[in-house]
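Novice:
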Amino acid sequence: MPDVNQLDILAIAAHPDDAEITCGGLLIKMAELGRKTGVLDLARGEMGTFGDHTDRVAEATAAAGILDLTWREQLGLPDSAIEYNQENKLKIAAVIRGTRPELIILPHWEQRHPDHLACTRLAYDACFLAGLKKIDIEGEPFRPRKIIYVTYFRNTDYSFLVDISDQFEKKSEAVAAYKSQFENPGNAKKIFRPGVDVFEFMRARARQLGTLVGVTYAEAFTVKEHMLLDDPQKMPVQSI
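In terms of my numbering, the sequence shown is numbered consecutively and its last residue is 1009.
What follows is the structure, encoded as structure tokens:
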């Protein structure tokens, strides 16, 4: 993928395939609207039960094409050993300064996998540090305007949902690009949520979320701050 001076949206995830599973529909939808989208994977996924780092890197590249990403990189932090420390914060902050996204997408803070928890903590702090003028990071100070959090299967505190009915099948195709993980049906039941086929999970989850807002498929997101509306009368989704 070409170098980019500024992204509109950057998803920061712990491992390859995390962004595809959790917010792939939104990334596809935003690309269709002409937005420059990107993904930063903190690790290469080398500790996954199946495949190796070479497989995961090639699969992430293939998935990026399906998602129509403008940019994707992997930071190379050790899989299953991502540490919450200043060094890693500064590495992510340097990426934020280099790509300058207005919107950042992070994992939710309720997590089963320690890497996912470390990812959201590191990336949030990196967003703050990237805006400090005197900090020792290359590039001009920059701070994203908005941070949203993707939902996993543990949390139910949604702030808003996004209709991905037209993007769901392409999202599934992007996840299927990770053949080392999901091509074997037996493997697909051991990844992301153990005992549950990832494709069945994504479809059931997206459909359940969609029923909440009257669409076929949806993805859910959380924000920590209040949302401001100009005209409540134009809010979608009927109350009664």
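Every residue, glycine too, gets a C-beta built ideally from N, C-alpha and C.
(1) Output the distance between the C-alpha atoms of residue 812 and residue 827, rounded to the nearest integer angstrom.
(2) Using CA coordinates, which residue listed in 796, 973, 908 and 776 is at the minimum distance from residue 833?
(3) Measuring only the C-alpha atoms, how far is residue 920 from residue 803?
(4) Hey, how far is the Cα of residue 777 from the Cα of residue 800?
(5) What residue ranges within the segment 895-955 form continuous beta strand (DSSP E) runs of no fewer than 3 residues, ordered along the chain?
(6) Residue 890: which of 781, 775 and 1001 sits nearest, CA to CA?
(7) Going residue by residue through the segment 799-840, where are the continuous alpha helix (DSSP H) segments of at least 4 residues, counting only ones entirely within it?
(8) Rounded to whole angstroms, what is the Cα-Cα separation between residue 821 and residue 868?
(9) Within its chain, find whatever has a CB closer than 6 angstroms to the CB of residue 789; leave out the 5 residues flanking it on each side and keep chain order.
(10) Report yes or no: do three or more beta-carbon pairs, one from the segment 872-879 and one from the segment 897-907, lie closer than 8 angstroms?
(11) Evaluate contact between the segment 934-954 and the segment 991-1005, counting only Cβ atoms and requiring at least three cross-stretch pairs below 8 angstroms.
(12) Starting from residue 861, trace the beta strand (DSSP E) both ways and give me its first and last residue.
(13) Counting only the same chain and skipping the five closest in sequence on each side, list residues whose C-beta sits under 6 angstroms from that of residue 910.
(14) Buried or exposed: residue 923, going by 16 or more other Cβ atoms within 10 Å of its Cβ?
(15) Please report the straight-line C-alpha distance between residue 851 and residue 807, rounded to a whole angstrom.
(16) Any heavy atom of the ligand ZN closer than 8 angstroms to the beta-carbon of residue 811?
(17) Could you tell me whether the segment 878-898 touches the segment 927-935, using the rule of 3 or more Cβ pairs below 8 angstroms?
(18) Given residue 1005, which residues of its chain have a CB within under 8 angstroms of its CB, disregarding the five upstream and five downstream residues?
(19) Would you decide whether residue 994 is buried or exposed? Buried here means 16 or more other CB atoms lie within 10 Å of its CB.
(20) From the DSSP output, in three-state form, read off residue 1002 for me.
(21) In terms of DSSP beta bridges, what is residue 778 paired with?
(22) From the beta carbon of residue 786, is the nearest beta carbon of chain C less than 9 angstroms away?
Specialist: Judging by the given coordinates:
(1) 14 angstroms
(2) 796
(3) 24 angstroms
(4) 10 angstroms
(5) 915-919 and 929-932
(6) 781
(7) 822-836
(8) 28 angstroms
(9) 832, 943 and 944
(10) no
(11) no
(12) Premise fails: residue 861 lies in the alpha helix (DSSP H), 855-868, not in any beta strand (DSSP E).
(13) 900 and 902
(14) exposed
(15) 21 angstroms
(16) The model on display carries no ligand, and the ligand ZN is accordingly not part of it.
(17) no
(18) 982
(19) exposed
(20) helix
(21) 806 and 872
(22) Absent here is chain C; the protein component of the structure consists of one chain.
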